[in-house]
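The listed protein sequences correspond, in order, to chains A and B. Using the working numbering, the letters of the first sequence map in sequence onto residues 10 to 229. Using the working numbering, the letters of the second sequence map in sequence onto residues 10 to 229. Yeah, the Cβ is synthetic: ideal placement off N, Cα and C, and Gly gets one too. What follows is a single structure, written as structure tokens, with notes after it.
2 protein chains.
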Amino acid sequence: MSPEKARVFMVDDHALIRAGIKAELAGSVEFIGEADEVAAAIEMIIERSPDVVLLDVHMPDGGGLAVLEGVVERDASVKFLALSVSDAAEDVIAIIRAGARGYVTKSIEGPELIEAIERTAAGDAVFSRRLAGFVLDAFTKGADQLHTTPSMLDPELDQLTPREIEVLRLIARGYSYREIATQLDISIKTVESHVSAVLRKLQLSNRHQLTNWATERRLL
Amino acid sequence: MSPEKARVFMVDDHALIRAGIKAELAGSVEFIGEADEVAAAIEMIIERSPDVVLLDVHMPDGGGLAVLEGVVERDASVKFLALSVSDAAEDVIAIIRAGARGYVTKSIEGPELIEAIERTAAGDAVFSRRLAGFVLDAFTKGADQLHTTPSMLDPELDQLTPREIEVLRLIARGYSYREIATQLDISIKTVESHVSAVLRKLQLSNRHQLTNWATERRLL
DNA sequence: CCATCGCTAAGGGTTGACCCCGATTGTGGG
DNA sequence: CCCACAATCGGGGTCAACCCTTAGCGATGG
């Protein structure tokens, strides 16, 4: 089925698992490197441009997602096959949205994994069978908003007081002043005050810009 | 692999193709019926509740999409495997959005089709290998290509005139009435008219809800 | 030929969003 | 003890958003 062995790079923070996978795949693929943390993985992947990257999803420092994003912004042609113990929808969808071409769980058997790698190398999309269904479900329903970064690290957010942020989030969700007032049990005038303060501090001029600002920063 | 044969219903307007598929699958699945047009297909599928419906996409009177929608609104548990000559993104995405669990092209070979049917019956999602990639692309990018055929995808959009849709999209992007008026070179009052019409037709009450409505449907 | 529909536009009205000007409390820090 | 600041309101104002109604004008279709 495969004229040449696929050149595979593996990213996983557990040495035991790396060893296990290598043993399973020995002879069927060509391992060209491995990494156990995010930063090193990104550099080595860019440098060696493997056919397929076997990517563990759950790792320190941002996990597989950080690796994916770090690599894709520099070379979008790298094909990732996510390999995870998790079958949670958030994980799968986040990884796919970030650009991975496949996602299989670690319950996969050796031969299947080999096939999955080969198909990924050939440009196909590969999923654990049970997984494929709800990826489609997410697509059908249009499930977007997955909060990946609740960013505490935003200097612009820092100038806002807690109450202002609270009001900001309600504004961004489309609530009217009256609704916000009721919900926070304060007067409309107070809501106005907070909104004015937020608009001034962020140098915006109306609630639509505020909505965009908030969605860009994933505050919803 | 399959303890029992899958009970299959086939919808295709070409008798020749139906015969061909039946010959290919003879002995591997149990055919419990077939139909060559939309209305009859819906009734028979509801009545016989097959494990899998093999569905031709391009047919008179609305095609496979009409069958899908007609059946799903009465019994959402029916599993559809779309079978089509087309590998166009609009077709695939429309069918998936309507609730099909798989999509394969007619270039598929007999054994693969049997496997696809069995996997569909088992609840998996099945795609022609070359197809899976761009379905994921559409998912990743937020399905931009849906703009090309909005009417096929959304009955609510159907009630809107082209001009109304144009205005709707600008509203959803946060433009003010004045800005929209300038951009479309019409008067503010006309913009108001269109917006009012849109709000009334969609049974919404303000522009924020409109924005949410539009983003949910990926009109941006 | 008339009816319908899409697009255009206006008049006139209510409400909400946003601004500027205040003011009062409570809290923590120098 | 006073100052700064977060949080709470109010008055009074402008303009945008939205509603309802009416209406001309061109194209389409029975």
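Whole-Å CB distance - residue 64 (chain B) paired with residue 89 (chain B), under 8 Å assumed: 5 Å
Secondary structure of residue 151 (chain B), DSSP reduced to three states: Residue confidence for residue 151 (chain B) is low, a pLDDT of 39 falling below 50, so the modelled location carries little weight; the figure read from the coordinates is stated next. If DSSP states are grouped into helix, strand and coil, residue 151 (chain B) belongs with coil.
CB contact below 9 Å: residue 217 (chain B) versus chain A: yes
Helix, strand or coil at residue 87 (chain A) [DSSP, three-state]: coil
9 Å Cβ cutoff met for residue 219 (chain B) and residue 200 (chain B): no
Cα-Cα separation, residue 62 (chain A) to residue 29 (chain A): 16 Å
is_contact[residue 36 (chain A), chain B] using C-beta, thresh 9 Å: no
Contact with chain A by residue 73 (chain B), beta-carbon distance below 9 Å: no
The stretch 180-202 of chain A: positions lying closer than 9 Å to chain B by Cβ: 182, 183, 184 and 185
Proximity winner among A:181, A:48 and A:175, relative to residue 193 (chain A) (alpha-carbon distances): A:175
Selected residue, minimal CA-CA separation from residue 223 (chain B), among B:182, B:198 and B:22: B:182
Between the CA atoms of residue 104 (chain A) and residue 56 (chain A) - distance to the nearest angstrom: 22 Å
Pair within 9 Å by beta-carbon distance, residue 197 (chain B) and residue 209 (chain B): no
Local conformation of residue 161 (chain A) per DSSP, three classes: Caution is warranted here: a pLDDT of 32 is assigned to residue 161 (chain A), below 50, making its placement in the model unreliable, and the coordinate value is therefore given only provisionally. Reduced to three states, the DSSP call for residue 161 (chain A) is coil.
For residue 59 (chain A) and residue 132 (chain A), the rounded distance between their alpha carbons: 13 Å
Neighbour-count burial assignment, residue 91 (chain B), 16 or more Cβ in a 10 Å radius: buried
Residue-chain proximity (residue 114 (chain A), chain B), Cβ-Cβ < 9 Å: no
Residues of its chain near residue 4 (chain B), where Cβ-Cβ distance is below 7 Å and the 5 sequence neighbours each way are ignored: The structure shown has nothing for residue 4 (chain B), since chain B only spans 10 to 229.
Short CB-CB distance (under 9 Å) between residue 220 (chain B) and chain A: yes
Coarse secondary structure for residue 173 (chain B), derived from DSSP in three states: helix
Bridge-paired residues (DSSP) for residue 76 (chain B): Residue 76 (chain B) pairs with nothing; no bridge assigned.
Residue burial classification, residue 84 (chain A) (beta-carbon count within 10 angstroms, cutoff 16): exposed
Bridge-paired residues (DSSP) for residue 111 (chain B): B:90 and B:135
Extent of the continuous beta strand (DSSP E) run through residue 62 (chain A): 61-65
Which residues DSSP lists as bridging residue 36 (chain A), in chain order: In DSSP, residue 36 (chain A) forms no bridge with anything.
Residue 129 (chain A) classed as buried or exposed, judged by whether at least 16 other C-beta atoms fall within 10 angstroms: buried
Three-way DSSP call (helix, strand, coil) for residue 216 (chain B) in this model: helix
Residue of B:68, B:82, B:87 and B:79 minimising C-alpha distance to residue 18 (chain B): B:87
Residues of its chain near residue 74 (chain B), where Cβ-Cβ distance is below 8 Å and the 5 sequence neighbours each way are ignored: 66, 103, 104, 107 and 161
Residue range of the beta strand (DSSP E) that includes residue 16 (chain A): 16-20
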